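Numbering of the sequence shown is given in the numbering used here, commencing with residue 1 and proceeding in unit increments. C-beta atoms are modelled at their ideal positions from N, C-alpha and C, and glycine is treated no differently. Values in this document were obtained by computation on a predicted structure and should not be read as measured data. Below is one structure, written out as structure tokens; the observations come after it.
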Amino acid sequence: MSDETIKVAIDAASHVATITLNRPDKLNSFTRTMHGELSAALGQIEAAGVRALVLTGAGRGFCAGQDLADLDFTPGAMTDLGDLIDTHFNPLIRRLQALPLPVIAAVNGTAAGAGANLALACDLVVAARSASFIQAFVKIGLVPDSGGTWFLPQRIGMARALGLALTGEKLGAEKAESWGLVWRVVDDAELSATATQLATQLAQQPTRAIAAIKHAMRAGQTHTLSQQLDLERDLQRELGNSHDYAEGVQAFIEKRAPRFEGR
């Protein structure tokens, strides 16, 4: 196996990047090293002008959350989980949510603990039919982190969110789709191609508009209607001065496909 815990592939022609969590023998569970390499990978794709990102896992699982072997359980010197989250997991979730481009999680196999919530922090989740999502925290006496207590109730309602969090039961991909937790479920063999095709499609769209849509949808979770109406106005004003808006209107008038440039 490669010593790299993260692999990055950038297709310059399509402006699509793929980041692969690369600890397959450990179900791609996180270590501090892996956090550092993932942060660097996100910086690399931002600098490259990528317009869509696919996040996936190597091997038979997407991500099993935190690797407990990377923690210290020595009495009196145990790892402070609050510090670990504040230093690594929270910045990662905030960064994914704030990326000004569409982020697609291609979930292969198990997504457990922080790994499940890492997938939910992406904009769209495409799951293999064999995939599963597990809020495993309660099984070791912890609370869902990495945004789990925020994402789950919003997507599937409080009753189902509490059910998953309190029991730690495995949720299969097809039920996750029917509950609205994920965007699409596909056969395992089709996962990579489906995620790449979706990313390629989104990379051809007006990137600034996609970033604004992401911002507006998430702001709406805490805004009043009046605040949200004002935000929509402000974003629309900004986008109305963009190259892609002018191109979209011109393409509509000329009855042709638009050629968006992401500006």
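Three-state class that DSSP yields for residue i in the structure shown
i      : result
Val186 : strand
Gly49  : coil
Val143 : coil
Ala257 : coil
Ser242 : coil
Phe252 : helix
Gln44  : helix
Gly115 : helix
Gly57  : strand
Gly180 : coil
Gly172 : strand
Buried/exposed call for residue i, threshold 16 Cβ in 10 Å
i      : result
Ala9   : exposed
Asp244 : buried
Glu254 : exposed
Ala199 : buried
Met1   : Below a pLDDT of 50, predicted positions are generally treated as unreliable, and Met1, at 39, falls in that range; the measurement from the model is reported next regardless. Met1 is exposed by the Cβ-count criterion.
Pro102 : buried
Met158 : exposed
Gln250 : exposed
Leu166 : exposed
Thr196 : buried
Minimum Cβ-Cβ distance from residue i to chain B less than 7 Å
i     : result
Asp83 : Looking at the structure shown, chain B is missing, and only one protein chain is on hand.
Boundaries (first-last residue) of the alpha helix (DSSP H) holding residue i
i      : result
Asp11  : Note, Asp11: premise wrong, no alpha helix (DSSP H); beta strand (DSSP E) at Ile6 to Asp11.
Gly148 : Gly148 to Ile156
Leu225 : Leu225 to Leu239
Ile93  : Asn90 to Ala98
Ala69  : Element bounds for Ala69: n/a, residue is neither H nor E.
Ile210 : Thr207 to Ala219
Ser130 : Counting along the chain, Ser130 falls outside any alpha helix (DSSP H), and DSSP gives it neither H nor E.
Bounding residues of the beta strand (DSSP E) (the contiguous stretch that carries residue i)
i      : result
Lys26  : Lys26 -> no beta strand (DSSP E), and no H or E assigned at all.
Leu198 : Run containing Leu198: none in the beta strand (DSSP E); it sits in the alpha helix (DSSP H), Leu191 to Ala203.
Reference residue i, options the options, closest by Cα
i      : options                        : result
Asp86  : Val126, Pro153 and Gly147      : Gly147
Thr79  : Lys7, Leu239, Arg32 and Ala189 : Arg32
Ala106 : Leu142, Pro91 and Val54        : Val54
Ala40  : Ile19, Trp183 and Asp3         : Ile19
Val265 : Gln154, Met158 and Ser132      : Not covered by the structure: residue 265. The range shown for the chain is 1 to 263.
Leu92  : Ala77, Leu162 and Glu37        : Glu37
Ala212 : Trp179, Ala136 and Leu235      : Leu235
Gly61  : Gly109, Ala47 and Phe89        : Gly109
Glu261 : Gly49, Gly76 and Lys26         : Gly49
Leu84  : Leu96, Gly65 and Asn28         : Gly65
Cβ-based neighbour list, residue i, same chain, cut-off 6 Å, excluding 5 preceding and 5 following
i      : result
Arg263 : His243
Pro59  : This sequence places Gly at residue 59; Pro is not what is there. Pro24, listed in sequence order.
Glu177 : Val185
Proximal residues to residue i (C-beta, below 7 Å), its chain only, five neighbours per side dropped
i      : result
Val125 : Ala105, Val107, Ala119, Val182 and Trp183
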